[in-house]
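Below: one structure, written as structure tokens.
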Amino acid sequence: MLNCRCSPHFCQGPTFDDYSHLLHPIGFQRGVKKSSFKPKFSIITIVKNDAANIAKTIKSVISQNYDDYEYIVIDGGSTDGTLEIIKKYDAFIYLWISESDRGISDAFNKGIVLSNGEYLQLLNSGDTFVDDDVLQLVSRFCDAPVVTGYAKHDASKVPDVLLKNSDILRIKSMISHQASFVRRDVYERVGLYNLNFKIRMDYEFWLRALSVFEFRFLEKYLVDFNAGASMEQIELFYQEEIYANICHDISDDLDYYRITLNYYLRKVLRILKYLWIGTV
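Here the sequence shown is numbered in my numbering, starting from -12 and rising by one per residue.
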């Protein structure tokens, strides 16, 4: 049972039933029709007005040397040409929709509910697999409810600090949703992404999932992610992490703060070393 200090409504994610309105047959304007296809993986990309980056994500997915997957694109009603790019790759996309949503969590949830795969991955617009063999690799390790690995910033010249498996699972905030493959029954058991969280919905979800399910960690880079944030978004990022910690009763977990502080200190030292001598 989840241990939560906040109101039940704030701490819980919506269920599949809350999105039952999406399960009608998909028509021409909303994509291709669903079938009884049950692939190993569902790769889900959410996007809104990102014509500059959506193509590289699509190409990364359809270049995988592994066939047992479906690709789903959830567009938030783009007006900048993104939809036209999606349509160019229509033959490679199992299902796409384009409509307004209530934010990132809502878009994630739509993709999850509309998917058919055993394991689901959320690969945002601008993110890419590190190579063409990622799905083949992950398919050999699907012996746990969640399989996760490392993600790296595709624009960073400074390699990230690599934490031990036990430390990543201990502090949870370092788990990358882009580099994670979540079995469908995890979402069915603990709920979908919480609409109350605008940025750290993935962290709040990990707190729920880790209280019930085991994770398998692969000490390999799986994804390059495209990150950029304003100061307001960074502030909200940390506010929501604090809310999630309070919600799930880990705000006084000293190990969490010890490991997190150690991670950021090591990261700052790497950046300073790079700026000083040009290498890490």
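All residues carry an ideal CB built from backbone N, CA and C; glycine is no exception.
Nearest-angstrom Cα separation, counted from residue j out to residue i
i, j, result
"D55", "I30", "11 angstroms"
"Y137", "F116", "11 angstroms"
"R127", "F24", "21 angstroms"
"S47", "I41", "10 angstroms"
"R203", "A166", "12 angstroms"
"L197", "F3", "20 angstroms"
"D120", "Q51", "6 angstroms"
"T69", "R195", "34 angstroms"
"I80", "V60", "7 angstroms"
"P132", "I99", "15 angstroms"
"D172", "V199", "11 angstroms"
"D270", "Q108", "The question about residue 270 has no answer, for the chain in this structure spans -12 to 267."
"V169", "G90", "21 angstroms"
DSSP beta-bridge partners of residue i
i, result
"I31", "I59 and L109"
"Y208", "Y137"
"S167", "T135"
"W83", "V60"
"F116", "V210"
"R203", "V134"
DSSP-derived helix/strand/coil call for residue i
i, result
"H140", "strand"
"R273", "Any answer about residue 273 is impossible in this case: the structure gives the chain only from -12 up to 267."
"F3", "helix"
"R89", "coil"
"I162", "coil"
"Q51", "coil"
"N268", "Shown here, the chain extends from -12 to 267; a query on residue 268 therefore has no answer."
"K272", "It is not possible to answer for residue 272, since the shown part of the chain is limited to -12 through 267."
"C129", "coil"
Residue closest to residue i, alpha-carbon to alpha-carbon, out of the options
i, options, result
"F212", "K139, I73 and V60", "K139"
"H164", "L209, L122, I84 and A131", "L209"
"F95", "K207, V199, A78 and Y174", "Y174"
"D118", "E201, C234, E228 and K207", "K207"
"H8", "V169, Y190 and L101", "L101"
"E201", "S85, Y6, D5 and D130", "D130"
Other residues of its chain near residue i: CB distance less than 7 angstroms, five sequence neighbours each side excluded
i, result
"S92", "Y180, N181, L182, F184 and M188"
"K27", "D55, Y56, G104, E105, Y106 and S126"
"T44", "T32, L110, S112, G113, D114 and T115"
"S87", "G63 and G64"
"Y53", "L122, Q123 and S126"
Cβ-based neighbour list, residue i, same chain, cut-off 6 angstroms, excluding 5 preceding and 5 following
i, result
"G0", "G178, L179, Y180 and N181"
"I73", "V60 and W83"
"I49", "F79"
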